[in-house]
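Structure first, commentary second.
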């Protein structure tokens, strides 16, 4: 057990580096202070038995993992349509910073145009800090999406009322295997999972919304339920997951968040499904949870548009949520990202925007290094 002085020293170091994806500056500092108070009671045991889950009948073996799930209770899989309304706003790609469309196009209603893509992207955690930007960007590209949410009303407040041919919502919770009915996955070609909770105890843990339940059990349940026909599963994780027993990461992992995220990653990797894992640095920009679609589509990353991608869990720093969202969408179609794990940061400079070729170069360069 460390002494109080050692813990305070490490805590100061964390506050300076703090790259964990699920930490948001103010809540992170508040939670860290709470963790230090509780340090005399650590280590805590998180070992508890997991009930078996019914598997989708697929031919490949599946082992252990993490959920990026929605942390909510999935009711019988009724579908909520976001029917189109007039007065919809036009879009700009979420990571094309400081760029606006001509005013005439900006007034266009994207929901009036049928989807131009053959994709159907299932987004898990679509109203969270990264998820809402992913959904907004899919809408801007006219790509059909399906959201799995605890509270469908959040989708309406964020994205407005859209044509059901563009976006639909299922009420559900990845923590509950029985909620993941096969109808949720009908027609789905791609999946982006960007759920999560706080690393330290907070109000977001209410209702058993802990890292173990969200980042491990939820991911496991989701992977077990996915059909083998999906073309890509993109999972948002965190830098530092391979180092949760090392300083300063062991402080961040006091309540198991890095360990459970790594378990989730491992389960995805061993599932046999085509996957890409995006490990984000400390998240900046947003979350924009009190905003609407038009505001989301005008969000920018300021000067931090340049993207740094690496492999090997050596990257430390910050990343704009806008950049993480774009990385997830780009990974859906870039073949070289299949079966790969990347760490991602953003720094000052001009970035790839939404140019697929520039993103492809970044991903390939990371693998070469």
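Residue numbers (mature numbering (1 follows the signal peptide of the UniProt record, and there is no 0)): -22 to -1, 1 to 347. All C-beta atoms in this analysis are idealised placements derived from N, C-alpha and C, irrespective of residue type, glycine included.
In angstroms with no decimal places, state the Cα-to-Cα distance between residue 120 and residue 127.
Their backbone Cα atoms lie some 21 Å apart in a straight line.
When you compare each of 117, 122, 116 and 145 to residue 130 by their alpha carbons, which one comes out closest?
Ranking 117, 122, 116 and 145 by Cα distance to residue 130 puts 145 first.
Relative to the C-alpha of residue 318, which candidate in 246, 259 and 282 has its C-alpha closest?
Cα-wise, what sits closest to residue 318 is 246.
Extent of the continuous alpha helix (DSSP H) to which residue 135 belongs
Segment 131 to 137, the alpha helix (DSSP H) holding residue 135.
Can the beta-carbon of residue 148 be found less than 8 Å from the beta-carbon of residue 208?
Cβ distance not < 8 Å, so residue 148 and residue 208 don't count as in contact.
To the nearest angstrom, how far is it from the Cα of residue 336 to the Cα of residue 214?
C-alpha separation (whole angstroms): 21 Å.
Would a C-beta distance cut-off of 8 Å place residue 286 and residue 322 closer than the cut-off?
It is a contact, given that the beta carbons lie within the stated cut-off.
Continuous beta strand (DSSP E) assignments of at least 3 residues falling wholly in the stretch 217 to 269:
The stretch 217 to 269 contains, as complete beta strand (DSSP E) runs of 3+ residues, the segments 253 to 258 and 260 to 262 (chain order).
Residue 298, enclosing beta strand (DSSP E) - first and last residue:
From DSSP, the beta strand (DSSP E) with residue 298 extends over 296 to 298.
Start-to-end residues for the beta strand (DSSP E) that takes in residue 145:
According to the DSSP assignment, residue 145 belongs to the beta strand (DSSP E) that extends over 145 to 149.
What does the alpha-carbon distance come out to for the pair residue 54 and residue 152?
In this prediction, residue 54 scores a pLDDT of 30, lower than 50, which makes its location untrustworthy; no coordinate-derived value is stated.
Specify, as a first and last residue, the run of the alpha helix (DSSP H) that residue 110 falls within.
109 to 118 is the span of the alpha helix (DSSP H), which, as asked, contains residue 110.
Tell me where the beta strand (DSSP E) around residue 323 begins and ends.
318 to 325 is the extent of the beta strand (DSSP E) around residue 323.
What does residue 284 pair with, by DSSP beta-bridge criteria?
Residue pairing from DSSP places residue 284 in a beta bridge opposite 325.
Euclidean distance between Cα positions of residue 249 and residue 210:
Distance between the alpha carbons of residue 249 and residue 210: 12 Å.
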